[in-house]
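Asks:
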Amino acid sequence: MRAAPYDHTQTLYRTLLVFATVAVLVLVIGLIEFVYFEPPGKVSGAKATIVGVYNYDPNTAVTSGSDQSEFPRTQQFAAVVDWSSVPPGLKVDARWYDAFGDVVGRVGPTTADQLVGHTIVPIVVPPGFHHSLPGQYLFVVERFEGSVPVEVLARRIVRVERT
Amino acid sequence: MRTSPPAANPHSRLRPNRYWIAIGVAALVVIALGASSVLNYVYLDTIPGRASLYGLLAVALITMGTYILVRAFDRDPQARRKRLIRAGVLIGLGVLLWLLVIDVFVYTQSAGPSVALICTAACLPTTAIGLYVVRRMDRNEKEPWRLVLVAAAWGAIVATSLVIWGETIWEVSAERSLVPGPGLDASLAFMAGVLEELAKGAAVVLLFLVMRDDFDDVVDGIVYGAAVGMGFNFMESISYMTNFYSIFSPEGFGIYAAGFQWYARQGLGLFFGHATYTAFIGAGIGIARQLPSVKQKAFAIVSGFLIAIAAHFSWDAWTAFFPIQNSLFGLVEIHLRTLIMTGPFTAALIALLIFGIRYEGQALREQFRKEAESGQGAILPEEVAILASPWRRLRQRVRGFEHSGPRAYFQIARLQSAQLDLAMERWHRERREIETPLEAEDTLRQRVIALRHWVAS
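Residue numbers (the numbering used here), protein chains in the order written: chain P, 35 to 197; chain R, 5 to 461.
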């Protein structure tokens, strides 16, 4: 009796299933990572107040003008946070992210009562650059658990124009 | 009374539904494109938002042109020239309109039309080389250029249009609700993996459903998938190059930033990035093409999509864990990062490709032998060993060139190609994977015999 010829497509199919199993593992690890950094049910109910985003003079460390959402590239700016709006013992920080997701200015993390003297959070021009890079900037006040930020208490988006 | 020989697989349960599935997928794509563009127009009161609606016309022209182009080769040969001209005009208009919309209106805002044009010109040769290499990977029966280019055009134009709105909604809502950092990165990576691979994969699914005669197995799937990925990568490269140029040019680094994007996407990432991801979708569909049960077919297709999404996700989510130093060693790190993160997926794909080519070669050798034994004259016994080896086929063509010049080279190439088509047809018929009647095989056989007389003369 002659055996039926082996169908190699089944080998390819099984190999594909093995790769797909690895793919599912990768996606599950991604999901675990997401849940670790975005733990469900960890909302404290606390809110922070961002007073506004203003023109900023790095030489005098003083803000000026009115609250704005758009700035020219040559103008430095800073957010002003009312730390008294945050429960004093809460571990928090405030930071600026540029369009590439890089941190370009921050205070903290520490308890909110220790940040009372740091109401102005300016952006920092990256080393080697003359001005801020254009694009969307994100300012957040975050609550920490241990060394991990787990909740955004306030956020503000501003745009830096190309011109 | 039966007037023609029966199909190889007269009991295929999938056949009656195949074109309906294709129409359904195409309708979903058109609805998604329409909804995306209208929403952009209504809610994004910007030039790019409006450009998206005008871009619909270009998409419609290219869709119609592609349909006519495919018909030109599949139907009455006498009407071919007329249809080719119509398709050429429509696709040309669509491409021109699209370039006008994208390059002039959208990129003019940030980098200017001349920069957009230079970026496009820089990406064209590398993408063309990539497509050439991808097509050459199929050592036995190369895919028609028209389908490879259609696949790449879909990736560049249709897939990129499909994801705009979905990614905008996801990105905006994630940025406004999640904590910036790895969690947000993971969310955006899921977004890119799922939406972009579904948009690109739709092209491979449609090719499989509509052009099954040119979609033989896993090797063809990898070729079409990689072509779609390269088209997507082409448009994405232009977008990133112009954007980075506009961001960094006021600081005097515009050319370097655009150049780096070009190298990362058109050099280093040409085969490692989108081409690898979407090739997995093609591999899944190609393997499904030859599986006997509907359940296995479904598993294979879903597996291809899952691997593509996971590969894309892992790159987008975890590049931040491989920071690049701002030093000379950073140049080495960039290459190592790509090799470590996407390399395993590309290696797995190459393994599938090598196995696929090997199995295809074995199957074709068997069919060459059977055809030669039939004594019908299309394949002679002494030709079996030559046809079974790509190198020996090349050597035969080169000998023809040395003996009678370039014309002989191309004549022998046509003969070999027709013989391979015949063996492929026989292989699918034997496996009951083909719908064409037996007379189609006889037509191929007669064509081989006619070409043989032509070459001999």
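Where is the CB? At the ideal position from N, CA and C, for every residue including glycine.
In this text the structure is predicted, and so the values were computed from the model without any measurement.
1. Between the beta-carbon of R:ALA262 and the beta-carbon of R:PHE276, is there less than 8 Å?
2. Any C-beta of chain R sitting closer than 8 Å to the C-beta of P:PRO106?
3. List, in order along the chain, the chain R residues whose C-beta lies closer than 8 Å to that of P:THR49?
4. Suppose contacts are defined by Cβ-Cβ distances below 8 Å. Is R:VAL152 in contact with R:ARG139 by that definition?
5. What in chain R is Cβ-close to P:ARG140, meaning under 7 Å?
6. Roughly how many whole angstroms lie between the Cα atoms of P:TRP117 and P:PRO156?
7. Taking the alpha-carbon positions, what's the R:SER318 to R:PRO186 distance?
8. Does DSSP put R:ILE416 in a helix, in a strand, or in coil?
9. What residues are listed by DSSP as bridge partners for P:ASN93?
10. Between P:VAL186 and chain R, is there a C-beta pair that is closer than 8 Å?
11. What does a CB cutoff of less than 7 Å around R:ASP49 pick up in its chain, not counting 5 residues either side in sequence?
12. What residues of chain P sit near R:VAL183, judged by a beta carbon separation below 7 Å?
13. Would you call the segment 216-234 of chain R in contact with the segment 355-363 of chain R, where contact means no fewer than 3 C-beta pairs closer than 8 Å?
14. Please list the segments of the beta strand (DSSP E) lying wholly inside the segment 232-277 of chain R, counting only runs of 3 or more residues, in order along the chain.
15. Would you call the CB atoms of R:MET195 and R:TRP174 closer than 8 Å?
16. Do the CB positions of R:LEU391 and R:LEU343 come within less than 8 Å of each other?
17. Can you tell me the Cα-Cα spacing of P:ALA112 and P:VAL141, whole angstroms?
18. For R:ALA427, which of R:GLY347, R:GLN371, R:SER421 has the nearest alpha-carbon?
19. List the endpoints of the continuous alpha helix (DSSP H) containing R:LYS204.
20. If distances are taken between C-alpha atoms only, which option among P:LEU187, P:GLY180, P:LEU172 comes closest to P:GLY139?
21. Could you name the residues that DSSP lists as bridge partners for P:GLY86?
22. Could you check whether the Cβ of R:ALA268 sits closer than 8 Å to any Cβ belonging to chain P?
23. When you compare only the Cα positions, how much space is there between R:TYR431 and R:ARG418?
24. Quick one, which of R:GLY159, R:GLN420, R:ALA126, R:ALA324 has its alpha-carbon nearest R:LEU398's?
25. Are the C-beta atoms of R:ASP49 and some chain P residue less than 8 Å apart?
26. How big is the Cα-Cα spacing for P:ASP136 and P:LEU65?
27. Just to confirm before moving on: does the CB-CB distance between R:VAL63 and R:VAL198 stay below 8 Å?
28. Helix, strand or coil for P:PHE134? Go by DSSP, reduced to three states.
29. Look at the alpha carbon of R:SER118 and the alpha carbon of R:ARG341, and state the distance between them as a whole number of angstroms.
30. Is P:PRO122 closer than 8 Å to P:ASP91 when the C-beta atoms are compared?
Replies: Well, looking at it:
1. In terms of Cβ geometry, R:ALA262 and R:PHE276 do not form a close pair [threshold 8 Å].
2. Chain R, which has no Cβ nearer than 8 Å to the Cβ of P:PRO106, makes this no.
3. Going along chain R in sequence order, the residues near P:THR49 (Cβ under 8 Å) are ALA355, LEU356, PHE359.
4. Note that the C-beta distance between R:VAL152 and R:ARG139 is below 8 Å.
5. The contacting residues do not exist; P:ARG140 stays about 11 Å from chain R at best.
6. Taking the straight line joining both Cα atoms gives about 15 Å.
7. When rounded, the distance between both Cα atoms is 12 Å.
8. In the structure shown, R:ILE416 sits in a helix (DSSP, three-state: H, G or I).
9. Residue pairing for P:ASN93: DSSP places it in no beta bridge.
10. Cβ-Cβ to chain R under 8 Å: yes for P:VAL186.
11. Confidence at R:ASP49 is low in this model, with a pLDDT of 49, below 50, so its placement is unreliable and the value that follows should be read with caution. Nothing meets the Cβ criterion.
12. Simply PHE71, GLU72, GLU176, PRO183, VAL184, GLU185, VAL186.
13. Remark: three or more beta-carbon pairs, one from each stretch, lie closer than 8 Å, so the segment 216-234 of chain R and the segment 355-363 of chain R are flagged as touching.
14. List check, beta strand (DSSP E) in window: nothing returned.
15. In contact: R:MET195 and R:TRP174 (Cβ atoms closer than 8 Å).
16. No, the Cβ-Cβ distance between R:LEU391 and R:LEU343 is not below 8 Å.
17. Answer to the nearest angstrom: the Cα atoms are 12 Å apart.
18. Per the Cα distances, R:GLN371.
19. Note, R:LYS204: alpha helix (DSSP H), 201-214.
20. Closest by C-alpha distance to P:GLY139, out of P:LEU187, P:GLY180, P:LEU172, is P:LEU172.
21. Bridge partners of P:GLY86: P:VAL114.
22. Cβ-Cβ to chain P under 8 Å: no for R:ALA268.
23. Reading off the sequence, residue 431 of chain R comes out as Trp, not Tyr. C-alpha separation (whole angstroms): 20 Å.
24. When each option's Cα is compared against that of R:LEU398, the closest is R:GLN420.
25. Reliability of the predicted coordinates at R:ASP49 is poor, the pLDDT of 49 falling under 50, and no value is obtained from them.
26. When rounded, the distance between both Cα atoms is 23 Å.
27. Contact: no.
28. Reduced to three states, the DSSP call for P:PHE134 is coil.
29. In a straight line, the C-alpha of R:SER118 is about 33 Å away from that of R:ARG341.
30. With respect to P:PRO122, P:ASP91 sits apart: the two C-beta atoms are not nearer than 8 Å.
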